[in-house]
Amino acid sequence: MIIDYDIHQLTPYVNWDYFFYAWGMHNKPLAERQKLQEEAVAVLSDLEGKYKAHALFLLMDAHSEGDDIVLADGRRIPLLRQQQPGSEFLCLADFIQPIDSNPSPLTSKIGLFATTVDMGLEKDFDNDTYLKMMVQLLADRLAEAAAECMHEAVRKTYWGYAPDEQLTMQQLHVEQFQGIRPAVGYPSLPDTSLNFVLNELLDFHQIGIRLTESGAMKPHASVSGLMMAHPEAHYFSLGTIGEDQLTDYARRRGLPVEVMRKFLTSNL
9 MIIDYDIHQL
19 TPYVNWDYFF
29 YAWGMHNKPL
39 AERQKLQEEA
49 VAVLSDLEGK
59 YKAHALFLLM
69 DAHSEGDDIV
79 LADGRRIPLL
89 RQQQPGSEFL
99 CLADFIQPID
109 SNPSPLTSKI
119 GLFATTVDMG
129 LEKDFDNDTY
139 LKMMVQLLAD
149 RLAEAAAECM
159 HEAVRKTYWG
169 YAPDEQLTMQ
179 QLHVEQFQGI
189 RPAVGYPSLP
199 DTSLNFVLNE
209 LLDFHQIGIR
219 LTESGAMKPH
229 ASVSGLMMAH
239 PEAHYFSLGT
249 IGEDQLTDYA
259 RRRGLPVEVM
269 RKFLTSNL
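Under the working numbering, the first residue of the sequence shown is numbered 9, with each subsequent residue one higher.
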């Protein structure tokens, strides 16, 4: 499923706290932040009709098998588990039910997604340093806003497990909804090479995303990840893993250990 968003549709979903932080204004007086936000909103208005953001998602029946999520067509998403003493020893696969369980609409399905913006938002403003920075930071917020808006529609309509959800924008931004949306590169899903797995399943090219050799997405203002509906699902930090898990993960990914080591350096 592909959803194209006009900028005005996403403006209400922009998390301005992250925008201020990226601009280095998060500790500035309120009046200064309000002025910057007004300038940013004016820029968004100028971009309206010229650029769009895009969301791509897929909902599939799935079950867990060890630390893998196995999709209905047999393809797998290998994941990693916390190993550090004192942790919960969690893996995201724990929030998907094993194959021998009674099927549940909340735990026998998974969502896969990617969002991005038109590449022009990163290329068309090279002649104005200030505007280029402003637009790039807004592009990041628009990609995140597209993920927020898309996920809301998935919960309420497409997956439909929370049809009566009524949350304020502040509640959305602090993730008071049921389920989680872990993004690739974030603490519970740190391996950016998983983008290659998601690309095979989603075909990022449909919304203009291409991958670098390191699994980074272009445009830079892009987000990818998973959607899970388990009522007890929550975010966690993977932390440090051992050589034993690295070796097992490489086997499950079908890649050499040294290749996986490059992607997981910060977790070793």
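Note that the Cβ used here is the ideal one computed from N, Cα and C, for glycine as well.
Quantities reported herein were computed from a predicted structural model and do not represent experimental measurements.
Q: Could you tell me the distance, in whole angstroms, from the CA atom of residue 202 to the CA atom of residue 223?
A: As a working note, residue 202 is residue 194 in the sequence shown. As a working note, residue 223 is residue 215 in the sequence shown. Those two C-alpha atoms are separated by around 7 angstroms.
Q | Secondary structure, beta strand (DSSP E): runs of 3+ residues fully inside the region 67-105 | A | 76-79, 84-86
**Q.** Extent of the continuous alpha helix (DSSP H) run through residue 158
**A.** Locating residue 158 in the sequence shown gives position 150, where the first residue counts as 1. Note, residue 158: alpha helix (DSSP H), 137-161.
Q: Give a yes or no on whether the C-beta atoms belonging to residue 51 and residue 127 are separated by under 9 angstroms.
A: Translated into the one-based positions of the sequence shown, residue 51 becomes position 43. Translated into the one-based positions of the sequence shown, residue 127 becomes position 119. Not a contact, by the Cβ cut-off of 9 angstroms.
Q) Whole beta strand (DSSP E) runs in the region 165-251 with 3 or more residues, listed along the chain? A) 230-235
Q | Close-in-space but distant-in-sequence residues of the same chain around residue 139 (CB under 7 angstroms, 5 per side omitted) | A | Looking up residue 139 in the sequence shown gives position 131. Here the set comprises 133.
Q. What number of angstroms, rounded off, separates the C-alpha of residue 77 from the C-alpha of residue 104?
A. Looking up residue 77 in the sequence shown gives position 69. Looking up residue 104 in the sequence shown gives position 96. Whole-angstrom Cα-Cα distance: 7 angstroms.
Q.
For residue 106 and residue 28, what's the separation of their Cα atoms in angstroms?
A. As a first step, residue 106 must be located in the sequence shown, where it is residue number 98. As a first step, residue 28 must be located in the sequence shown, where it is residue number 20. Each residue's Cα considered, the two are about 42 angstroms apart.
Q.
Along the chain, where does the alpha helix (DSSP H) containing residue 131 start, and where does it finish?
A. For the purposes of this step, residue 131 is identified with residue 123 of the sequence shown, where counting begins at 1. Looking at the DSSP string, the run of the alpha helix (DSSP H) that includes residue 131 is 128-131.
Q: Tell me whether residue 150 is buried or exposed, calling it buried when 16 or more other Cβ atoms sit within 10 Å of its Cβ.
A: Locating residue 150 in the sequence shown gives position 142, counting from the first residue. By the 10 Å Cβ count, residue 150 comes out buried.
(Q) Comparing C-alpha positions only, which one of 165, 125, 190 sits nearest to residue 212? (A) Working through the sequence shown from its first residue, we reach residue 212 at position 204. Per the Cα distances, 125.
Q. Between which two residues does the beta strand (DSSP E) harbouring residue 13 extend?
A. By 1-based counting over the sequence shown, the position of residue 13 is 5. It spans 10-14 - the beta strand (DSSP E) in which residue 13 sits, taken as one unbroken run.
Q | Boundaries of the beta strand (DSSP E) in which residue 120 is found, first to last residue | A | Against the sequence shown, residue 120 aligns to sequence position 112. Note, residue 120: beta strand (DSSP E), 117-125.
Q | Cβ-Cβ distance between residue 147 and residue 129 below 9 angstroms | A | For the purposes of this step, residue 147 is taken as residue 139 along the sequence shown, with counting starting at 1. For the purposes of this step, residue 129 is taken as residue 121 along the sequence shown, with counting starting at 1. For residue 147 and residue 129, yes; Cβs fall inside 9 angstroms.
Q: Would you mind sorting residue 36 into buried or exposed? The rule is 16 or more other CB atoms within 10 Å of its CB.
A: For the purposes of this step, residue 36 is taken as residue 28 along the sequence shown, with counting starting at 1. It is exposed - the Cβ of residue 36 has fewer than 16 other Cβ atoms within 10 Å.
Q. Would a C-beta distance cut-off of 9 angstroms place residue 214 and residue 64 closer than the cut-off?
A. The sequence position of residue 214 within the sequence shown is 206, counting from 1. The sequence position of residue 64 within the sequence shown is 56, counting from 1. Taking 9 angstroms as the Cβ cut-off, residue 214 and residue 64 qualify as a contacting pair.
Q. When you compare only the Cα positions, how much space is there between residue 6 and residue 189?
A. In the structure as shown, the chain begins at 9 and stops at 276. Residue 6 is therefore absent and cannot be evaluated.
Q) What residues in its chain sit with their C-beta under 8 angstroms from that of residue 260, if we drop five residues either side in the sequence? A) On the sequence shown, residue 260 is found 252 positions in, with the first residue counted as 1. Excluding sequence neighbours, residue 260 sits near 75, 76, 84, 86.
Q) For residue 253, which residues from the same chain have a beta carbon less than 8 angstroms from its beta carbon, with the 5 sequence-adjacent residues on both sides left out? A) For this step, residue 253 is matched to residue 245 along the sequence shown. Within the same chain, Cβ atoms closer than 8 angstroms to the Cβ of residue 253 are found at 88, 89, 91, the five residues on either side in sequence being excluded.
(Q) For residue 103, would you say it is in contact with chain B, using Cβ-to-Cβ distances shorter than 9 angstroms as the test? (A) This model lacks chain B altogether; it includes just one protein chain.
Q. Near residue 268, what residues of its chain come up, given a Cβ to Cβ distance below 7 angstroms and the 5 sequence neighbours on each side ignored?
A. Sequence index remark: in the sequence shown, residue 268 carries index 260 (1-based). So the list reads 254, 257, 258, 261, once near-sequence residues are dropped.
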